[in-house]
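Undergrad: The following block contains the structure, expressed as structure tokens.
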Amino acid sequence: MVARLVELTVKLSETTFERLRAEAEHKQIPLDEVLEAALETYLQDDEEEYEDTPDEKILEDFRQAWHEAMTGQIGTQSARELLEEIRRELDEDNAQ
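What follows is the structure, given as structure tokens:
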């Protein structure tokens with residue numbers, strides 16, 4: 302199947318245009334291919350970043366956490382320690 306192409310006119314700052322043009326020149330490919338690759342990457346990253354967690358999973362995790370809190374199974378971390386742990390986990394996730 303042949304992909305249908307759509308012609309598009311966009312307004313870019315000179316800086317952005319020059320960066321894209323330089324990338325196309327560096328890779329020795331047409332500017333439109335650089336733009337398409339950049340847009341595909343942007344769209345793919347956006348989809349991956351905002352994957353929706355199913356409501357059932359959220360509810361299950363909440364129930365488990367509530368049970369642990371009510372039965373004293375949760376550790377004796379201070380709020381500061383808990384926030385530091387969350388920050389470390391976020392930093393690890395962002396580094397991947």
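All residue numbers for the sequence shown refer to my numbering, where the first residue is 302 and numbers rise by one.
For each residue, glycine too, the CB sits at the ideal point set by N, CA and C.
Every value quoted in this text rests on a predicted model; they were computed, and no experiment measured them.
Does DSSP put D356 in a helix, a strand or coil?
TA: Here D356 sits in helix by DSSP.
Undergrad: Buried or exposed for V335, please, with buried defined as at least 16 other CB atoms from any protein chain shown within 10 angstroms of its CB.
TA: It counts as buried.
Undergrad: According to DSSP, simplified to helix, strand and coil, what is V335?
TA: Here V335 sits in helix by DSSP.
Undergrad: Using 7 angstroms as the threshold, is the C-beta distance between A323 and L332 below it?
TA: Not a contact, by the Cβ cut-off of 7 angstroms.
Undergrad: Have a look at H327 and R388 and give me their C-alpha separation to the nearest angstrom.
TA: Those two C-alpha atoms are separated by around 38 angstroms.
Undergrad: Within the continuous alpha helix (DSSP H) that includes L384, where are the two ends?
TA: Start and end: A380 to A396.
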